Amino acid sequence: EDKVVQSPLSLVVHEGDTVTLNCSYEVTNFRSLLWYKQEKKAPTFLFMLTSSGIEKKSGRLSSILDKKELFSILNITATQTGDSAVYLCAAVNAGGTSYGKLTFGQGTILTVHP
Amino acid sequence: NAGVTQTPKFQVLKTGQSMTLQCAQDMNHEYMSWYRQDPGMGLRLIHYSVGAGITDQGEVPNGYNVSRSTTEDFPLRLLSAAPSQTSVYFCASSRTGSGDQPQHFGDGTRLSIL
Numbered sequence: 001e002d003k004v005v006q007s008p009l010s011l012v013v014h015e016g017d018t019v020t021l022n023c024s025y026e027v028t029n030f031r032s033l034l035w036y037k038q039e040k041k042a043p044t045f046l047f048m049l050t051s052s053g054i055e056k057k058s059g060r061l062s063s064i065l066d067k068k069e070l071f072s073i074l075n076i077t078a079t080q081t082g083d084s085a086v087y088l089c090a091a092v093n094a095g096g097t098s099y100g101k102l103t104f105g106q107g108t109i110l111t112v113h114p
Numbered sequence: 115n116a117g118v119t120q121t122p123k124f125q126v127l128k129t130g131q132s133m134t135l136q137c138a139q140d141m142n143h144e145y146m147s148w149y150r151q152d153p154g155m156g157l158r159l160i161h162y163s164v165g166a167g168i169t170d171q172g173e174v175p176n177g178y179n180v181s182r183s184t185t186e187d188f189p190l191r192l193l194s195a196a197p198s199q200t201s202v203y204f205c206a207s208s209r210t211g212s213g214d215q216p217q218h219f220g221d222g223t224r225l226s227i228l
């Protein structure tokens, strides 16, 4: 059974801090790993990672995948109150009857205080 | 761009009632899926479709039916609502299910079963 585990489950920081969110996975026929940010409504797409060691960046956010050790991290530098959200990690199984299936972790609740 | 549109946004049902959650996308995506989100459990896949006329079960399919008569629409039917189906339901779509493109989510339907 595919499994994705995120840590920590919750994190409270102050504006300006840097945070690192962790995601480990066990997925057969692994194809890619995705990070989403969820505020009050739909999860919104942040990053898709398919290759090990290649960092993806978008402003203050960055992410990297390690396919040997089966984990990914999401870094947020100089955090702002607007970064407060649930961050979801999901792994894609692209094989056989599980084609395209996303397995999600429990999410990390990030709270940024002013 | 409308993206993924879900209706209704909120619904309250009595145990035993049936209803259909609507999902439509205007991006000509082949792959569509339904998830439910419960506290502490992340998002879990209910059913998915790789194209018109093709559907398959996900992780938690019991009590739900789907059909895909057109590329655009992927309705989710609750046959006989039970309190355990109280949840937030998300529909998502992507160009394919290969894992090379991210899935994009609708704003969700919050469903309460009394």
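Those protein sequences? They're chains A and B, same order as listed.
Anchor point for the first sequence: position 25 equals 25 in the working numbering, and the numbering is continuous, going up by one each time.
Throughout, the working numbering is defined as the position within the second sequence, counted from one, plus 114.
Don't be surprised by glycine CBs; every beta carbon is placed ideally from N, CA and C.
In this text the structure is predicted, and so the values were computed from the model without any measurement.
May I have a chain-ordered list of the beta strand (DSSP E) segments no shorter than 3 residues that lie completely inside the segment 142-213 of chain B? With a minimum length of 3 residues, the unbroken runs of beta strand (DSSP E) contained wholly in the segment 142-213 of chain B fall at 145-151, 157-165, 168-171, 178-180, 190-192 and 201-208.
At the 7 Å Cβ level, is serine 72 of chain A part of the contact set with chain B, yes or no? Within the first sequence, numbered from 1, the residue matching residue 72 of chain A stands at position 72. It does not; no Cβ of chain B falls within 7 Å.
For the segment 139-164 of chain B, which residues have a beta carbon sitting closer than 9 Å to at least one beta carbon of chain A? Answer set for the segment 139-164 of chain B: Tyr145, Ser147, Tyr149, Gln151, Gly154, Met155, Gly156, Leu157, Arg158, Leu159, Tyr162 and Val164.
Near-chain B residues of the segment 2-17 of chain A - C-beta to any C-beta below 7 Å: Nothing from the segment 2-17 of chain A brings a Cβ to less than 7 Å from some Cβ of chain B.
What is the residue span of the beta strand (DSSP E) that glutamine 106 of chain A lies within? On the first sequence, residue 106 of chain A is found 106 positions in, with the first residue counted as 1. Note, glutamine 106 of chain A: premise wrong, no beta strand (DSSP E); not H, not E.
Closer than 7 Å, CB to CB, is glycine 211 of chain B near chain A or not? Locating residue 211 of chain B in the second sequence gives position 97, counting from the first residue. So yes, glycine 211 of chain B belongs to the interface.
Write down every uninterrupted run of the beta strand (DSSP E) in the segment 9-58 of chain A whose length is 3 residues or greater and which is fully enclosed by it, in chain order. Listed in chain order, the beta strand (DSSP E) runs fully inside the segment 9-58 of chain A are 10-14, 19-26, 30-38, 43-49 and 56-58, counting runs of at least 3 residues.
Endpoints, the beta strand (DSSP E) within which arginine 224 of chain B is located: If you number the second sequence from 1, residue 224 of chain B lands on position 110. Taken as a continuous stretch (DSSP letters only), the beta strand (DSSP E) holding arginine 224 of chain B covers 223-227.
Report buried or exposed for leucine 41 of chain A, applying the criterion of at least 16 other Cβ atoms within 10 angstroms of its Cβ. Looking up residue 41 of chain A in the first sequence gives position 41. Here residue 41 of chain A turns out to be lysine, not leucine, going by the sequence shown. Looking at its Cβ environment, which holds fewer than 16 other Cβ atoms inside 10 Å, lysine 41 of chain A is exposed.
What are the residues of the segment 24-44 of chain A that lie near chain B, defined by any Cβ-Cβ distance shorter than 7 Å? Look at the segment 24-44 of chain A: the residues with a C-beta under 7 Å from a C-beta of chain B are Arg31, Ser32, Leu34, Lys41, Ala42 and Pro43.
Distance check for glutamine 136 of chain B and threonine 119 of chain B, CA to CA, integer angstroms please. By one-based count along the second sequence, residue 119 of chain B stands at place 5. By one-based count along the second sequence, residue 136 of chain B stands at place 22. Cα-Cα distance, rounded: 8 Å.
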